[in-house]
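For the sequence shown, UniProt numbering assigns the number 1 to the initial residue and increments by one for each residue that follows. Every residue gets a Cβ at the ideal spot worked out from N, C-alpha and C, and that includes glycine.
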Amino acid sequence: MIHTKGREKIQVTLNTPEKELLKEENSLLSPDQHYPLLKAEKKLNGMIGMKHVKDFIREMYSLVYVNECRHKLDLETTQQNYHMLFIGNPGTGKTTIARIMADMLKEMKVIEKGHFIEADRADLVGEYIGQTAQKTKDLIKKAEGGILFIDEAYSLARGGEKDFGREAVDALVKAMEDNQHKFILILAGYPDEMKQFLRLNPGLPSRFPNTLNFQNFTGSDMLELSKQMLKEKDYQAASALINKLNNHFQTLKYPHTSHNGRYVRNLVERMIRQHALRVLQQGEQLDKKRLMTLEASDLLINEE
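The structure is reproduced here in structure tokens:
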């Protein structure tokens, strides 16, 4: 929480023991300052790639903090619009980043409750005339004080001129105007589809001053992510498997729809299943090393 002492000194008071856990060497700030950002950075530092996304979150924090300092010193401050567009393929971290953003903005009291509501077309669009407007209104009311995250937002426009999805879009635009600072709306989706979606309503693009583009992972990112996932599950990859994984990821044409976290997660799960089958069939003593180590044979490239 930001406090003022007189009209000159501004300080940040941290009253949580969690700050002791946040001593990240690559943080922008010292460990005894700016708890909301440090808490977010702790999560971000465990994520592979996405440098520009991480930079954006730091910029967002800095803007909110500096504006609060200006307000405390009676300097002119414009209330910010935090509605956002998250553009990227599935498995590139959009939902995870949205949750981190919600938590940080709650800590900074930008949003009152900080709850996170994830919705899709079915949560907004009704089957009959008049039903869509009410469903959308109810969802927005539920999101007040928090973040409303609508994934695959372009699906609201998939049915043509007579589709009720357009009614939901119009209701969202109106809510963003009437209740601009009561909730934060994040629309997410694939790049090409979102471009078409934004043409649906002339008022849409101007309502979203913040656009984040989530890039597909590179081959190197995917290799690091696979090693991270294995470590989290108490597995380790033999050097031959690491080489095989690296060759596999590098041979995928970039950018490729498989260059995402979901693909890597599925690949890791299949390797773990193959490992279990292999060690059981070998019939040898199941010591700790054998139970932990995945070999090159556990990656079946032909299945990809």
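Where residue i falls: helix, strand or coil (DSSP)
| i | result |
| --- | --- |
| residue 29 | Below a pLDDT of 50, predicted positions are generally treated as unreliable, and residue 29, at 49, falls in that range; the measurement from the model is reported next regardless. DSSP places residue 29 in coil when its eight states are reduced to three. |
| residue 23 | Because the pLDDT of residue 23 is 46, which lies under 50, any placement of that residue in the model is unreliable, and the number read from its coordinates should be weighed accordingly. In this structure, residue 23 counts as coil in the three-state DSSP scheme. |
| residue 48 | coil |
| residue 252 | coil |
| residue 34 | coil |
| residue 275 | helix |
| residue 267 | helix |
| residue 299 | coil |
| residue 260 | coil |
| residue 9 | In this prediction, residue 9 has a pLDDT of 36, which is less than 50 and means its spatial position is unreliable; nothing more can be read from the coordinates. |
| residue 3 | Confidence in residue 3 is poor, its pLDDT being 37 and thus under 50, which makes the residue's placement too unreliable to answer from. |
Extent of the continuous alpha helix (DSSP H) to which residue i belongs
| i | result |
| --- | --- |
| residue 287 | Looking at the DSSP string, residue 287 is not in any alpha helix (DSSP H), and its letter there is neither H nor E. |
| residue 315 | The shown model of the chain, from 1 to 304, leaves out residue 315, and the question about it has no answer. |
Beta-carbon proximity check, residue i vs residue j, cutoff 9 Å
| i | j | result |
| --- | --- | --- |
| residue 219 | residue 267 | no |
| residue 223 | residue 249 | yes |
| residue 212 | residue 84 | yes |
| residue 109 | residue 151 | no |
| residue 50 | residue 214 | yes |
| residue 228 | residue 293 | no |
| residue 57 | residue 117 | no |
| residue 146 | residue 181 | no |
| residue 107 | residue 132 | no |
| residue 299 | residue 233 | no |
| residue 177 | residue 199 | no |
| residue 305 | residue 139 | Since the first residue of the chain shown is 1 and the last is 304, residue 305 is not available in this structure. |
| residue 164 | residue 193 | no |
| residue 39 | residue 104 | yes |
| residue 153 | residue 203 | no |
| residue 148 | residue 171 | no |
| residue 241 | residue 295 | yes |
| residue 274 | residue 297 | yes |
| residue 191 | residue 88 | yes |
Sheet register partners of residue i (DSSP bridge)
| i | result |
| --- | --- |
| residue 237 | 294 |
*Which residue spans inside the UniProt domain "AAA+ ATPase" (80 to 218) form an unbroken beta strand (DSSP E) run of at least 3?*
Complete beta strand (DSSP E) runs here, min 3: 84 to 88, 116 to 119, 147 to 150, 184 to 189, 210 to 214.
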